[in-house]
Amino acid sequence: MPKTVSSMNNLTQINNTSLLDVQTSLRSILEASPVSIFLIDSDRKVIFANPVAEATFKSNIQELKNFCCGDLFTCCNRHLEPKGCGYSKDCKKCSLNNAIQKALEGKGD
Numbered sequence: 010m011p012k013t014v015s016s017m018n019n020l021t022q023i024n025n026t027s028l029l030d031v032q033t034s035l036r037s038i039l040e041a042s043p044v045s046i047f048l049i050d051s052d053r054k055v056i057f058a059n060p061v062a063e064a065t066f067k068s069n070i071q072e073l074k075n076f077c078c079g080d081l082f083t084c085c086n087r088h089l090e091p092k093g094c095g096y097s098k099d100c101k102k103c104s105l106n107n108a109i110q111k112a113l114e115g116k117g118d
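Under the working numbering, the first residue of the sequence shown carries the number 10, and numbering increases by one thereafter.
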């Protein structure tokens, strides 16, 4: 194998290992946090909940996965639109929905 290809393979392996280390560290921080933390995807669906969040909502991540914020906090408007939380006309007035939307767009405060 030429040296260049070997070096590229080594760099890729190092980068993958470093990324895995960062992900592991971040997960450890999130799981050790003394406050509820949820991670959501671009559709506002829960993809991660730390142990405090699971205890707060008396559910495990498997039960919380794919819930929207309106579902978690039992928003009275979450069923007004077939798509659910974030899509009814009243959602435009919701401060939680607006904050989430800003964060997803990278426009947080």
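Don't be surprised by glycine CBs; every beta carbon is placed ideally from N, CA and C.
{"Query": "Find out if the Cβ-Cβ distance for the pair V55, K74 is shorter than 8 Å.", "Result": "yes"}
{"Query": "Using CA coordinates, which residue listed in G79, D52 and T33 is at the minimum distance from L105?", "Result": "G79"}
{"Query": "Which word fits F9, buried or exposed, when buried means at least 16 other C-beta atoms lie within 10 angstroms of its C-beta?", "Result": "For residue 9 there is no data in the structure shown, the boundaries of the chain being 10 and 118."}
{"Query": "Which word fits C94, buried or exposed, when buried means at least 16 other C-beta atoms lie within 10 angstroms of its C-beta?", "Result": "buried"}
{"Query": "Beta strand (DSSP E) containing L48: first to last residue?", "Result": "F47 to I49"}
{"Query": "Does the distance from the C-beta atom of F57 to that of I38 stay below 8 Å?", "Result": "no"}
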